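Heads up, the sequence shown is in this note's numbering, so the first residue is 285 and it goes up one at a time. Ideal Cβ positions, reconstructed from N, Cα and C, are used throughout, including at glycine. These figures come from a predicted structure and were not determined experimentally. Worksheet for the structure shown next.
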Amino acid sequence: MSVTAEINGEVSYWFSQVATRPARAPLDRDLSVDVALVGAGYTNLWIAYYLKQARPDLEIAILEREVAGFGASSRNGGWISYGLPGQHSRYAKAHGVQAVRDFQRELFATIGEIVDVAAREGIEADIAHEGEVAIARNPAQLARLREEYEGGSQWGFGPGDLVMLDRDGANEHARLSNAVGGLWSPHCARVQPALLASGLADTVERMGVRIYEHTAVSEIVPHTALTERGNRVSAEYVVRGTEGYTNSLKGHSRDWLPKLSSMLVTEPLTPEQHREIGWDTNVMVRDAGHFFSYIHRTADDRIALGGPGVPYLWGSGWDDRGSTLPASEQALVRALHTLFPMLKDHPIAHTWTGILGIPRNWSATVTLDRASGMAVAGGYVGDGVTSTNLAGRTMRDLILREDTQLTRMPWVGGQIRKWEPEPLRWIALRGMYGVYNLADRLEDRSGSAKTSILARAANVIAGRS
């Protein structure tokens, strides 16, 4: 398959729209602050925002290896979605069903919170709050969507939070090939992720937060972050918000697995092309496969699609500034052409890759140890755009010693279970996603309404069920 992307890597298409901003100065001395935040992605930008709002007198410093928003915050799919960062059943087993219902309702409300903050702070990030639709393309996918719909009430979904669609209803949102039905929710908004990250960084800087870019932290010890340049940053609390890059820190090489996720964006579509695919709104779209694609219509009339591709590099490796492997490029283009055959001759403008943090138990964590002052938030399993805001408000309450509903959420105080050493990580992740890919193909061919036994087995082995 020929891949014709004009640009591969260079961080991301989103990042290219903010990359002209001059870099902030690196830290060149020892520093003492109240709160030190390691990583300038969404997690720590939100923590800084809410802490400064509550306590303007706090001295806060953010230490960033590259530049603010360089990682997953500027490479994601642009979905402010309702997805729980982990399995409902796993959280419920440890904390009870009602705690999970409260967690889910907080995530619903968080979407509006992000939209409101952006409006209040003048952050122009192409936000459009119009919901999402998952579209099934075979009976097994439709059966899984129906299970999600019917089981939603157990986990905090009320009337109108999820709506089943027949074939015609799904096609009213976007005409994916072979659609048989869908599941719609109002709880989703589009965002240009790099503009949100850049806008948040500018906002907290105006509030008095110091951001040091090109300042890599090598180790976190009690009340101290140590930089690769040899500087010490002392603080009452040091928060690790490094997500998929956590393995760069001493002692944390197997905390969270850096899973690769790749994306493409097309050249702008004409109004006629948009009419042909029946997508004239800003509703976000995903297909319902195991190895699914997440898709949206950008503010400049392109199609952005992410998902399939090489999921993991040996030794928990990182991408090279967003560069995308040929196999991932081909998988993305294949997915685009399968879902939208009418775009098979339409040029691809940009492909890129980012990494996200995957905990061994597939459940995110927000936790703080007062004795050491060491805190961590992350492991959002791909649902970080929304979860980071909730984590930011939760960490604010933990740092300020406030007992709130947020500090009682089931992800607070979660223990981190380390991943297995190589070659087990590589075998497990590459094998798991290979099985999901095969399961999707088998479900397409069989026409059965039953989920492939291969996918169910992969879920058990991976700890996702």
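Quiz item: Among Arg-725, Lys-734, Met-716 and Leu-726, which one has its Cα closest to the Cα of Asn-743?
Solution: Residue Met-716 is the option with its Cα nearest to Asn-743.
Practice problem: Starting from the C-beta of Ser-358, find all residues in its chain whose C-beta is less than 6 Å away, skip the five residues before and the five after it, and write them out in chain order. | Solution: Excluding its 5 nearest sequence neighbours in each direction, Ser-358 has C-beta neighbours in its own chain below 6 Å: Ser-296, Trp-298, Phe-299, Pro-477, Ala-478 and Ala-481, listed in chain order.
Quiz item: What residues in its chain sit with their C-beta under 7 Å from that of Asp-571, if we drop five residues either side in the sequence?
Solution: Taken in chain order, the residues that qualify are Ile-419, Arg-421, Leu-460, Ser-577 and Leu-623.
Exercise. Taking the CB atoms as reference points, tell me whether Gly-483 and Ala-424 lie closer together than 9 Å.
Key: Their beta carbons are not under 9 Å apart, which means Gly-483 does not touch Ala-424 by this criterion.
Quiz item: Which residues in the same chain as Trp-703 place their Cβ atom closer than 6 Å to its Cβ, once the five residues preceding and following it in sequence are excluded?
Solution: Arg-538, Leu-541, Arg-644 and Arg-709
Self-check item: Three-way DSSP call (helix, strand, coil) for Ser-469 in this model
Solution: strand
Exercise. Locate the beta strand (DSSP E) running through Thr-508, then write down its first and last residues.
Key: Unbroken beta strand (DSSP E) run through Thr-508: 508-511.
Self-check item: For Lys-336 and Ala-324, the rounded distance between their alpha carbons
Solution: So the alpha carbons of these two residues sit roughly 15 Å apart.
Quiz item: Taking Cβ positions, are Ala-378 and His-498 nearer each other than 9 Å?
Solution: no
Quiz item: Around the Cβ of Asp-314, are there at least 16 other Cβ atoms within 10 angstroms (buried) or fewer (exposed)?
Solution: Classification for Asp-314: exposed.
Quiz prompt | Three-state class that DSSP yields for Asn-360 in the structure shown | solution = coil
Quiz item: Taking contact to mean at least 3 C-beta pairs separated by less than 8 Å, is the segment 676-688 in contact with the segment 650-663?
Solution: yes
Exercise. Can you give me the start and stop residues for the alpha helix (DSSP H) that Ser-730 sits inside?
Key: That run of the alpha helix (DSSP H) goes 708-730.
Self-check item: Trp-695, buried or exposed, once every other Cβ within 10 Å from all chains shown has been counted against 16
Solution: buried
Quiz item: Given a threshold of 16 other Cβ atoms within 10 Å of its Cβ, counted over all protein chains shown, does Trp-598 qualify as buried or as exposed?
Solution: The residue is exposed, with fewer than 16 neighbouring Cβ atoms inside 10 Å.
Quiz prompt | Touch test, the segment 619-635 against the segment 548-556, Cβ-Cβ under 8 Å, three pairs minimum | solution = yes
Quiz item: Ends of the beta strand (DSSP E) at Ile-346?
Solution: 344-347
Self-check item: C-alpha gap between Leu-449 and Leu-426, whole angstroms
Solution: 10 Å
Exercise. Following the continuous beta strand (DSSP E) through Arg-494, name the residue where it begins and the one where it ends.
Key: 494-496
Exercise. Go through its chain and collect everything with a Cβ distance to Thr-487's Cβ below 6 Å, but skip five positions before and after it.
Key: Take Thr-487, set aside five residues on each side of it, and the residues of its chain with a beta-carbon closer than 6 Å to its own are Glu-405, in chain order.
Self-check item: Whole-number beta carbon distance between Gly-593 and Leu-627, since they are thought to touch under 8 Å
Solution: Not quite, the Cβ-Cβ distance comes to about 18 Å (not below 8 Å), so this is no contact.
Quiz item: Just curious, the beta strand (DSSP E) that Gly-662 is in, first and last residue?
Solution: 658-662
Quiz item: Just checking, does the segment 357-375 make contact with the segment 664-681 on the three C-beta pairs under 8 Å criterion?
Solution: yes
Self-check item: Bridge partners - Asn-292, DSSP secondary structure assignment
Solution: Thr-635
Quiz item: What span of residues does the alpha helix (DSSP H) with Tyr-366 cover, start to end?
Solution: Here Tyr-366 belongs to no alpha helix (DSSP H), and DSSP marks it neither H nor E.
Quiz item: Hey, is the segment 602-614 in contact with the segment 326-334, meaning 3+ C-beta pairs nearer than 8 Å?
Solution: Look at the beta carbons and you see the segment 602-614 not touching the segment 326-334: under three pairs across the two are nearer than 8 Å.
Self-check item: DSSP bridge partner residues for Tyr-529 (one or two, in chain order)
Solution: None; Tyr-529 has no bridge partner.
Practice problem: Tell me whether Lys-543 is buried or exposed, calling it buried when 16 or more other Cβ atoms sit within 10 Å of its Cβ. | Solution: buried
Quiz prompt | Three-state class that DSSP yields for Asp-486 in the structure shown | solution = helix
Exercise. Below 8 Å on the Cβ atoms is my guess for Gly-590 versus Gly-442; work out the distance and round it to an integer in Å.
Key: Distance from Gly-590 to Gly-442 at the Cβ level is roughly 30 Å; contact not present, criterion being Cβ atoms closer than 8 Å.
Quiz prompt | Contiguous alpha helix (DSSP H) assignments of at least 4 residues, all confined to the segment 658-699 | solution = 668-683
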